[in-house]
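For reference, the structure discussed in these notes is given below.
Number of protein chains: 2
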Amino acid sequence: MPRSLSTPLTRKFGIDFPIVQGPMNGGSTPEMVAAVSNAGGIGALAAANFDVQTMRTKVNAIRSLTTKPFCVNLFVLETPAPTPGEIRDALDRLQPIRAELGLPPAAAPERYCEEFREQLDALIALKAPVASFTFGLLDAASIERLHAAGSLVIGTATNVAEALAWQANGADAICAQGAEAGGHRGTFIGHPDASMIGTLALVPQIVDAVALPVIAAGGIMDGRGIAAALTLGAQAAQLGTAFLMTAESPIHAAWQEKIRLSTDTSTRTTRTFTGRPARGILNDFMLRMGRYEQELPAYPVQHALTTEIRKAAGQANRPEFMSLWAGQAAGMSRRRAEAIPAAELVRVLVAETQAALA
Amino acid sequence: MPRSLSTPLTRKFGIDFPIVQGPMNGGSTPEMVAAVSNAGGIGALAAANFDVQTMRTKVNAIRSLTTKPFCVNLFVLETPAPTPGEIRDALDRLQPIRAELGLPPAAAPERYCEEFREQLDALIALKAPVASFTFGLLDAASIERLHAAGSLVIGTATNVAEALAWQANGADAICAQGAEAGGHRGTFIGHPDASMIGTLALVPQIVDAVALPVIAAGGIMDGRGIAAALTLGAQAAQLGTAFLMTAESPIHAAWQEKIRLSTDTSTRTTRTFTGRPARGILNDFMLRMGRYEQELPAYPVQHALTTEIRKAAGQANRPEFMSLWAGQAAGMSRRRAEAIPAAELVRVLVAETQAALA
Chain A
1 MPRSLSTPLT RKFGIDFPIV QGPMNGGSTP EMVAAVSNAG GIGALAAANF DVQTMRTKVN
61 AIRSLTTKPF CVNLFVLETP APTPGEIRDA LDRLQPIRAE LGLPPAAAPE RYCEEFREQL
121 DALIALKAPV ASFTFGLLDA ASIERLHAAG SLVIGTATNV AEALAWQANG ADAICAQGAE
181 AGGHRGTFIG HPDASMIGTL ALVPQIVDAV ALPVIAAGGI MDGRGIAAAL TLGAQAAQLG
241 TAFLMTAESP IHAAWQEKIR LSTDTSTRTT RTFTGRPARG ILNDFMLRMG RYEQELPAYP
301 VQHALTTEIR KAAGQANRPE FMSLWAGQAA GMSRRRAEAI PAAELVRVLV AETQAALA
Chain E
1001 MPRSLSTPLT RKFGIDFPIV QGPMNGGSTP EMVAAVSNAG GIGALAAANF DVQTMRTKVN
1061 AIRSLTTKPF CVNLFVLETP APTPGEIRDA LDRLQPIRAE LGLPPAAAPE RYCEEFREQL
1121 DALIALKAPV ASFTFGLLDA ASIERLHAAG SLVIGTATNV AEALAWQANG ADAICAQGAE
1181 AGGHRGTFIG HPDASMIGTL ALVPQIVDAV ALPVIAAGGI MDGRGIAAAL TLGAQAAQLG
1241 TAFLMTAESP IHAAWQEKIR LSTDTSTRTT RTFTGRPARG ILNDFMLRMG RYEQELPAYP
1301 VQHALTTEIR KAAGQANRPE FMSLWAGQAA GMSRRRAEAI PAAELVRVLV AETQAALA
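From first to last, the protein sequence lines are chains A and E. Take the first sequence: its position 133, counting from 1, is numbered 133 in this note's numbering, and each next residue is one higher. Take the second sequence: its position 304, counting from 1, is numbered 1304 in this note's numbering, and each next residue is one higher.
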């Protein structure tokens, strides 16, 4: 008989399998989220870039597609106040790439991100079954409001201190994000370089430090990785890159192609796209902007300033200027059928996990 | 019944448990090696810094203590030929720290390392049951000579390309060294930064790429880590830092104390001590010399030039100038009894691994 994949976390969250679809900005859709949740895992809508109305529309779309628990993810952000000089310098550095894409010189945008507090209020009102957060620490009062709305709260930690901070503020689970993970690093205590901790080393240290269930993230692409996460003491595993390659994935075909052709050494972390370290497939944009790595404005300013470039690069099918977020195990996606439906991926992952633990 | 820990590798190597004591320069002794091998794992003597006569003496000492298989590890090195100017600059950079330790200005040493080819010939003559290598790739003819002497060969790889190169040259197993690992990075194909691949992401990619058994190394401190390595497809796990804390460990008490007090964020990789990236606990030497990180002479030159400093720092009990090699899971050593005998550590690890897989 296959080993049960039930854990205290799966029971607490009311899901069948310890599989979490990582929230990925621009990489998740209501269809993906619902497919994962309907298959017995838990899907996650990346809502950080959505205004309140869009968030409501997307959550309602998820609810029209599933009655199972799902998650909505936000970035904990302060409203930025960059100086005009900082913006001018940052735009000047980007201008050669804008010119190559046929974009005119840019002016400072009117705003750099959605207002986090408005998003949070909307999320509380939406009573999502699960709310997850990264980039910062949510205050205890807000976590209480989420709990009062019936939402469970997952806090992202890249080190033990962050996990303890989330526990102290009342989170229900910790997502332990190892250095292998694709996309943005969640670090908010200490320098990001100090928290480039491999998943295999990070997960047991967080498990030992907190009384909360831990979700392991980073470098997990198949059932072997999920089984490893469980043996390390995690109660679920979060996969991002794997779901970027599913039939429900909305990402650019060139991004998917780069993931499929990637190897173990293809990714790097970079601040060049958004001002916050994030892991993606090394490309010309990262190489050319890398000389400014430490000088660029912090997230969300650099993110806002590069948005038009990344959009234009997509329209021109020029992946050398796109943000190709992917984790260090991205190349393992070649082992799967192309455009595997997300629900089928969950089923395959469950079978692989049971085989790895047998 | 506990799950069997027997793997094709344990059977090929004639050992009871899939546990390898990592070779650690200055951190292994014949007593440690024999204790691990007698307990059913496989001990490894770090011989890279030994002249031929010392290597013979140490291997004979191991043989007087065990009849079980053991391993001897060498660095694959070319004889360096630094310019006088390079040495002068490197010594100038170190002089302030030498002065703080009461050391006089240094002259260029007569030699920078043992001659690798002499070491290799001696190792072949010693007919060690297992020979392991890092820092480079051994040629196929030398691997054949080792095989003819009855030695099995383990090649260290930090990426898939290196694992394939070792396989092509005839190695019997691959040690997959993840980014979490303490001490030196073994990277010899590509830039070291590109091969900072977390163990959880690296192991399955190497397992999928080669037909050889894989030993997982990096971030493994207890049975949960060993179990995770096995579920990822590795056939054994290598632990270094854990054995640095055993009763048989010869390392400085201050080094052990720093490991015991370390946390998940305590380590960094640095070229400052030896000219090759290595992971250790962040200290003043690394911080002060860090500005020269990219300019320092390569291993073994910088290693030779800092030897006297590290020795004097030990004698003066000043860990701020010692190389405090440790992996990213070093802080987990606090969970163990201090100075646990290496044989007892193997027994505990076996029990923990079985529990994690149960």
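The beta-carbon is built from N, C-alpha and C at its ideal position, and this holds for glycine as well.
Do Q177(A) and G1331(E) have their C-beta atoms within less than 8 Å of each other? No, they are not a contact pair.
Cα separation between A1329(E) and A201(A)? Approximately 5 Å between the Cα atoms of the pair.
Name, in chain order, the residues that DSSP records as bridge partners for W325(A). According to DSSP, which records beta bridges pairwise, W325(A) is partnered with G280(A).
Of all the CB atoms in chain A, is at least one closer than 8 Å to the CB of P1008(E)? By this cut-off, P1008(E) is not an interface position.
Do the segment 141–155 of chain A and the segment 163–171 of chain A touch if we need at least three Cβ pairs shorter than 8 Å? Yes, since at least three Cβ pairs between the segment 141–155 of chain A and the segment 163–171 of chain A fall closer than 8 Å, the two stretches touch.
How long is the line joining the alpha carbons of L1324(E) and T1241(E), rounded to whole angstroms? Straight across, the Cα-Cα distance linking L1324(E) with T1241(E) is about 11 Å.
Buried or exposed by the 16-neighbour rule on C-beta atoms within 10 Å, applied to H989(E): Nothing about residue 989(E) can be read from this structure; chain E reaches only from 1001 to 1358.
Determine the burial state of D1264(E): buried for a count of at least 16 other Cβ atoms within 10 Å of its Cβ, exposed for fewer. Buried.
Please report the distance separating the alpha-carbon of T1083(E) from that of F1273(E). Going by the C-alpha atoms only, they are around 19 Å apart.
What distance in whole Å lies between the Cβ atoms of L349(A) and I226(A), which are believed to be in contact at a cut-off of 8 Å? That pair is a contact at about 6 Å.
Under a CB-based cut-off of 8 Å, is N49(A) close to chain E? At a cut-off of 8 Å, the C-beta of N49(A) has no neighbouring C-beta in chain E.
Whole angstroms is fine: what's the gap from G275(A)'s alpha carbon to E1115(E)'s? Distance between G275(A) and E1115(E), taken at the CA atoms: about 47 Å.
Counting C-beta neighbours from all protein chains within 10 Å, is the total for K1127(E) 16 or more, i.e. buried, or is it exposed? Residue environment: K1127(E) is assigned as exposed (fewer than 16 neighbouring CB atoms within 10 Å of its CB, all protein chains considered).
7 Å Cβ cut-off: residues of chain E touching Q238(A): Those do not exist, as Q238(A) stays about 13 Å from chain E at its closest Cβ, beyond 7 Å.
Could you work out which residues of chain A lie near G1219(E), taking near to mean beta carbons separated by less than 7 Å? Here the neighbours are G198, L200 and A201.
Determine which residues of the segment 173–192 of chain A have a Cβ less than 8 Å from any Cβ of chain E, and write them out in chain order. Listed in sequence order: G178, A179, E180 and G190.
Per the contact definition of three or more C-beta pairs closer than 8 Å, is the segment 333–344 of chain A in contact with the segment 17–37 of chain A? A contact exists between the segment 17–37 of chain A and the segment 333–344 of chain A.
Would G43(A) and I15(A) be called neighbours here (beta carbons separated by less than 8 Å)? Their beta carbons are not under 8 Å apart, which means G43(A) does not touch I15(A) by this criterion.
Rank A1356(E), L1305(E) and G1327(E) by C-alpha distance to the C-alpha of L1103(E) and give the top, closest one. Measuring from the Cα of L1103(E), the nearest candidate turns out to be L1305(E).
How many Å lie between M1289(E) and R1093(E) at the Cα? Their Cα atoms are separated by approximately 8 Å.
Can you check DSSP and say which residues form a bridge with A1157(E)? Answer is A1176(E).
Can you pull out the residues from the segment 1328–1352 of chain E whose beta carbon lies closer than 8 Å to at least one beta carbon of chain A? From the segment 1328–1352 of chain E, only Q1328, A1329, G1331, M1332 and R1335 have a Cβ closer than 8 Å to chain A.
Can you say whether Q256(A) is buried or exposed, counting buried as having 16 or more other CB atoms within 10 angstroms of its CB? A residue is called buried when at least 16 other Cβ atoms come within 10 angstroms of its Cβ; Q256(A) meets this threshold and is buried.
Whole-Å CB distance - A1179(E) paired with G198(A), under 8 Å assumed: Confirmed, about 5 Å.
Kindly indicate which three-state DSSP category L1045(E) falls into: helix, strand or coil? Looking at L1045(E) - three-state DSSP - the assignment turns out to be strand.
At the level of alpha carbons, what is the spacing between L1244(E) and P192(A)? Note on geometry: alpha-carbon atoms of L1244(E) and P192(A) lie some 28 Å from one another.
Minimum C-alpha distance to K58(A) - residue among V214(A), A122(A) and E308(A): Ranked by Cα distance from K58(A), the first of V214(A), A122(A) and E308(A) is A122(A).
At 3 residues or longer, and completely inside the segment 1239–1274 of chain E: list those beta strand (DSSP E) runs for me, N to C. As far as the segment 1239–1274 of chain E is concerned, its whole beta strand (DSSP E) runs of at least 3 residues are 1267–1270.
Identify which residue in E78(A), D139(A) and A149(A) has its Cα closest to the Cα of A165(A). The shortest C-alpha separation from A165(A) is found at D139(A).
Residues in its own chain within less than 6 Å of Y1299(E) by CB, not counting five upstream and five downstream? If we look at Y1299(E) and ignore the five residues flanking it on each side, its Cβ neighbours are T1274, G1275 and R1276.
Using CA atoms only, rank isn't needed, just tell me which of K258(A), R271(A), A355(A) and E144(A) is closest to D222(A). Nearest C-alpha to D222(A): A355(A).
Counting only C-beta atoms, is D1222(E) closer than 8 Å to chain A at any point? Closer than 8 Å to some Cβ of chain A, the Cβ of D1222(E) qualifies, so yes.
Could you tell me whether the Cβ of T1274(E) comes closer than 8 Å to any Cβ of chain A? It does not: the Cβ of T1274(E) has no partner Cβ on chain A nearer than 8 Å.
So if I threshold CB-CB distances at 8 Å, which residues from the segment 1108–1141 of chain E count as touching chain A? The residues in question: there are none.
Alpha carbon of L212(A) to alpha carbon of L120(A), nearest angstrom: Those two C-alpha atoms are separated by around 23 Å.
Contacts of P1204(E) in chain A (Cβ-Cβ under 8 Å): Under the 8 Å cutoff, chain A gives M221, D222, R224, G225, A329 and M332.
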